[in-house]
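Chains as they are written, first to last, in UniProt numbering: chain A, 1 to 678; chain B, 1 to 678.
Quick reminder that beta carbons are idealized off the backbone N, C-alpha and C, glycines included.
Since this is a predicted model, take the numbers as computed values, not measurements.
Data first, discussion second: the structure below is written as structure tokens.
Take a look at the structure:
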């Protein structure tokens, strides 16, 4: 929340809501329940009745982030006997053309904070208003005429919402561009855009405020876009074998509400309409110390920046901030058992508030499963001991928490993988459907322009070049809240003469503690360095600082010009890694109000304060980046492309934490016997 | 083989070997069989009788690489009816202090080539000579006296061989350093080195040629080094669940000799004493074209460079070239079923020639299995089509070919993963045991020096900083032999005024075809670029060049000084990616003779010829690099750290090659029924 003076709205004391059936959820991070969401709606409706004229709408409703010290007190108290922090909802609503931030307290059933947002940008779009905008355009006469003029059938047209971004305008309305697509024989909506029209809808007034028919472009045929197995024709293939997977002792994880316990890990799993899957209070059990130790206070998606690389009229504005504009939770899908997640998975539902505040459920929005990939956790064969041939092998297993969010065309598989060795691997798999532009060409030899901004992936279809930058917010609390960020530089040394061997060089480490934010902005790949989050107050018995290091994936950074509007709005992509001091309001790298934001409330701006980050409660922001030059294999759907990173214990434990894990027994049963009730 | 004039040794025609039971293996790349190895031994022994005085030994015996055009003719002929190339063995032997290269032809049972190597360097060490050197040192009186002087028990000492490298000497002998370790309560050999002695053994003379007792260092206790589950004491944990995995229709792969067929892939799998697992003739079936198309003619480990970062006497020379010095095949282990490879794996044995030419078998040296990791091959949820909610998900499965090579302390898991989408993922997992040095310290606060060259990982034990550079040789033949290497640079463009939108920038691709080797040396991470191997003679129906692109892992390069001797010998680590024109003799990046090499026959030297590589048969060399600052979690064994890369089809196919793969049926059976014989 921006630093703005706010007015506490004291709710009338004569109004009391029955509390007879309301039991607050057990965990302070549990997502808002249907009951709580209804309560929010009821409480707010008293002051802001929802009317037919769409003047007050719920754009975002989420758990109001509780005070961290209160959460930690509660979490660390024996049997959680300390009072949990008050449960509250944070609401961003649209009220007659303005954004209003309301905090509702559940115990008092009162609005305890209420203020108008005076800065730039708008909140997340709701599903209802996108659908309403769609319906509006489909009834807008000039649009219908333009469709007819193109020789297209209006009943086969789908209209989608696209955010407009900001391109230097002093003031902007809460408007969107709408983009029509043509079905007519294909259900792969995104693969047949109808270009050439500029159709702007003001969401607050729900009116078409601009319409231009600039040109009529080509319309690719519907062929080759089918992907439903029930509709595809033979030959099928490649041929892959079925498999049966089963755990005779049952799954290894236990789910207690939203708390997951597995092997040596414990964490809370929640759902937010903007972030999607949220991991909280991830701790690992240390057998030596006989207690759980903190690792990750909170980890979740903060933003996904997806700019396209065609500067022309129909494309220049496509520079999505998917979570902030469309909601990575709101866009999450119901996972299909046995395919989206393996046979041994468990599922959790997600609930979020619709535009009128009514709870909307996405069933099976997250899954948890044990991953037996056939990997080796550790091994050693010792051949040097006379008369003794030693082989010790431990098969690997990890626990995966997964969500899929489909923001229009792209399906993003978001995963958090917990390993018994203490590592947490996080990442994103890109799949789904490309965004394409129709062209007159079927072959590269026909191309007249210098640049078609992508690749011809099918007849009359160009897959447009684009990027994906997926930023994770990681509030690491390595064995406690006060941490430091260490950049262990690997420096080449010339062997000193005093050493007197013929070796000329070696590398050693030069420890640099990042004192302020400026020292912790990292463009990966430029230096040989280890990046470690340490607890400067905790050392191992050998005096090494307890920590977790970052093993990055391949590095990509934004290539847009610094002064380009999408890049100003997404300046958090200037570096792959950032560190900030913990600040409850710094959650969304694109700012609290991402739609049509002007870049004044991004991670990059917060970081300019150059605050101290040594021996402080710090937060890491890691961005997985992909530059995507489409190819024909991406059409009509794209085989998953995965990118991620690992957080790995570094002198966190006194020795290998899985040294004493008994080898898992993995077997196969060509025939198996009935287990009758004994 | 170096370009040296050779003398053809004509075998006496009066000597004929019975051929009654010799059937040549069916595939030109099949590894030398036990019969063939015995034949080699017999044939060579006629001219070079092996004597007790160790004057003639077999250092390397491998399949002599057949002529590529003959292999391709054979492979592409219907039913393989074209005559395969002649089968031959290539032998490097030590003959009275010199290296002799002999080629034996199996059909004529004759030596057809025989020459002395006149350059620098020595061939791979044999197991026997390492063991002999060990035994020698253990009986060497000054050594025994030094052991006693240190208060150690000689019967608890193990002596290992370490190559010496080259440090500027004009001429070198074929000598090694030997390093003693102390057991005495621990079987984890590498974790208790006995430092302070320089013990050099000349392998050709099998004599200790230098012995210096420089100092007596600390000896860490044996505690905490145990890793055998049978010997460890409770508490055990973390607790992991067992699992049963079974394929009701059987595994999807078929193995025919050494040829593996699975889904849409076909490849040959072989074993070489220096490279280990070798993949050949990997082709993928294209359903549209109804034929197999070439992808990878040959892929295998070429070298593993493992330099340590302590310049002092006991460490400065430790800069292993593991494959060239110790043999990555020779050091490969027997894989343990159910742990090293999952329950559904199949295994292949490997055979190599021992020092006297006798075949030595490593059973289960490679495994093949289908990996069901619970990943998603591709998916899409379509929410835009009115009245239709579409969800299509395809669970992923791939085929993994795996080998583990344990070169002393480190276990390297080498993997080739074939995906139905056409991708091949390759990589290496590091596990096993650290190399450590004994110190007087148990705590960092006690350290007096500026640098201890590593981390205190246990009492009196420092894990020494080091690197691993694992180079894969990849003779890609993308849809044919003549390929080019394209560097698609991603360049930022300012939007031209003519475009007339407020977008200021975007990136586009600038295609650079590498014409010569100099243009294809890549240090990853410095530029935003796509690296693609294309077939300039093959285009898709849309005119895109058929290709495979490289998706690198995180990039690491060597930090040693360019003039440092290990770096000269391993100059192939100056770049992460190299391209060379196909040359049958260019196989080992460290040179044919790696031990005590002087760097004159490395990939870096060949590349200086700056040969043409456009529209040629080209080879890619990719190096996976790790800088390793040890931490306590690496002790006493290290949880696997994996690094790799992906080769991904890029306009190789006309569309998504797994679009029409039927979804795999994955189920779980809490109870199952008996399958009786019906």
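Tell me, please, whether the CB atom of residue 388 (chain A) is closer than 8 Å to any CB atom in chain B?
-> So, interface residue.
For residue 591 (chain A) and chain B, any beta-carbon pair shorter than 8 Å?
-> no
Between which two residues does the alpha helix (DSSP H) containing residue 603 (chain A) stretch?
-> 603-607
Can we say the stretch 181-190 of chain B touches the stretch 198-212 of chain B, given the rule of at least three CB pairs closer than 8 Å?
-> Flag = no, the stretch 181-190 of chain B and the stretch 198-212 of chain B do not touch.
Answer yes or no: does any C-beta atom of chain B fall closer than 8 Å to that of residue 678 (chain A)?
-> With a pLDDT of 32 at residue 678 (chain A), under the threshold of 50, the modelled position of this residue cannot be trusted; read the value that follows with caution. No - not a single Cβ of chain B is within 8 Å of the one on residue 678 (chain A).
Hey, does residue 606 (chain A) have any beta-carbon neighbour from chain B nearer than 8 Å?
-> no
Residue 468 (chain B) at chain A interface by Cβ criterion, 8 Å = no
Using only the heavy atoms of the ligand NAD, determine whether one of them is closer than 7 Å to the beta carbon of residue 641 (chain A).
-> Of ligands this structure carries none, so the ligand NAD is not represented either.
Reference residue 620 (chain A), options A:487, A:284 and A:533, closest by Cα = Nearest in C-alpha terms to residue 620 (chain A), of all of A:487, A:284 and A:533, is A:533.
Short check: CB of residue 270 (chain B) to CB of residue 280 (chain B), under 8 Å?
-> In contact: residue 270 (chain B) and residue 280 (chain B) (Cβ atoms closer than 8 Å).
In chain order, what residues of the stretch 617-633 of chain B put their CB closer than 9 Å to some CB of chain A?
-> Taking 9 Å as the Cβ-Cβ cut-off against chain A, the residues of the stretch 617-633 of chain B that qualify are 627, 629, 631, 632 and 633.
Pick helix, strand or coil for residue 440 (chain B), following the three-state DSSP scheme.
-> coil
Would you say residue 666 (chain B) reaches chain A, if we count a Cβ-Cβ gap shorter than 8 Å as a contact?
-> So yes, residue 666 (chain B) belongs to the interface.
Collapsed DSSP secondary structure at residue 372 (chain A) in the structure displayed = coil
Strand pairing of residue 341 (chain B), partner residues [DSSP] | B:337
Taking only beta-carbon positions, decide if residue 144 (chain A) is within less than 8 Å of chain B.
-> no
Kindly list the residues whose CB is nearer than 8 Å to the CB of residue 555 (chain A), restricted to its own chain and excluding five residues on each side of it in sequence; keep chain order.
-> 523, 524, 525, 576 and 625
Could you tell me if residue 236 (chain A) is buried or exposed, where buried requires 16 or more neighbouring beta carbons within 10 angstroms of its beta carbon?
-> exposed
Enclosing alpha helix (DSSP H) for residue 537 (chain A) [first to last residue] = Note, residue 537 (chain A): premise wrong, no alpha helix (DSSP H); beta strand (DSSP E) at 529-539.
Rounded distance between the beta-carbons of residue 408 (chain B) and residue 160 (chain B), thought under 8 Å | 6 Å
Would you mind telling me which residues of chain B sit closer than 8 Å to residue 370 (chain A), beta carbon to beta carbon, in chain order?
-> Here the neighbours are 241 and 243.
Touch test, the stretch 104-124 of chain B against the stretch 56-74 of chain B, Cβ-Cβ under 8 Å, three pairs minimum | Contact holds: three or more Cβ-Cβ distances are below 8 Å.
Which full runs of the alpha helix (DSSP H) of 4+ residues lie inside the stretch 26-88 of chain B, going along the chain?
-> 34-47 and 68-76
Proximity test, Cβ basis, 8 Å: residue 341 (chain A) and chain B = yes
Identify the continuous beta strand (DSSP E) that holds residue 326 (chain A) and give its terminal residues.
-> Taken as a continuous stretch (DSSP letters only), residue 326 (chain A) belongs to no beta strand (DSSP E), being part of the alpha helix (DSSP H) at 322-326.
Can you name the residues that DSSP bridges to residue 617 (chain A)?
-> A:482
Does the stretch 294-302 of chain B come close enough to the stretch 459-473 of chain B to have 3 or more Cβ pairs within less than 8 Å?
-> yes
Quick one: grab the DSSP three-state call for residue 631 (chain B).
-> coil
What residue does the beta strand (DSSP E) around residue 109 (chain B) start on, and which one ends it?
-> Counting along the chain, residue 109 (chain B) falls outside any beta strand (DSSP E), and DSSP gives it neither H nor E.
Less than 8 Å separating the beta-carbons of residue 453 (chain B) and residue 464 (chain B)?
-> yes
Inter-stretch contact (C-beta, 8 Å, three-pair minimum) for the stretch 223-238 of chain A and the stretch 359-377 of chain A | no
Listing by chain order, which chain A residues have their CB less than 7 Å from the CB of residue 378 (chain B)?
-> 431, 637, 638, 639 and 640
Would you kindly check if the distance between the Cβ of residue 113 (chain B) and the Cβ of residue 127 (chain B) is under 8 Å?
-> No, Cβ-Cβ distance for residue 127 (chain B) and residue 113 (chain B) is not below 8 Å.
Test: residue 481 (chain A) CB closer than 8 Å to a CB of chain B = At a cut-off of 8 Å between C-beta atoms, residue 481 (chain A) does not count as an interface residue with respect to chain B.
Have a look at the DSSP bridge pairing and note the partners of residue 367 (chain B).
-> B:347 and B:402
Note down, in chain order, every chain E residue with its Cβ under 8 Å from the Cβ of residue 195 (chain A).
-> No chain E appears in the structure shown, which is made up of the protein chains A and B.
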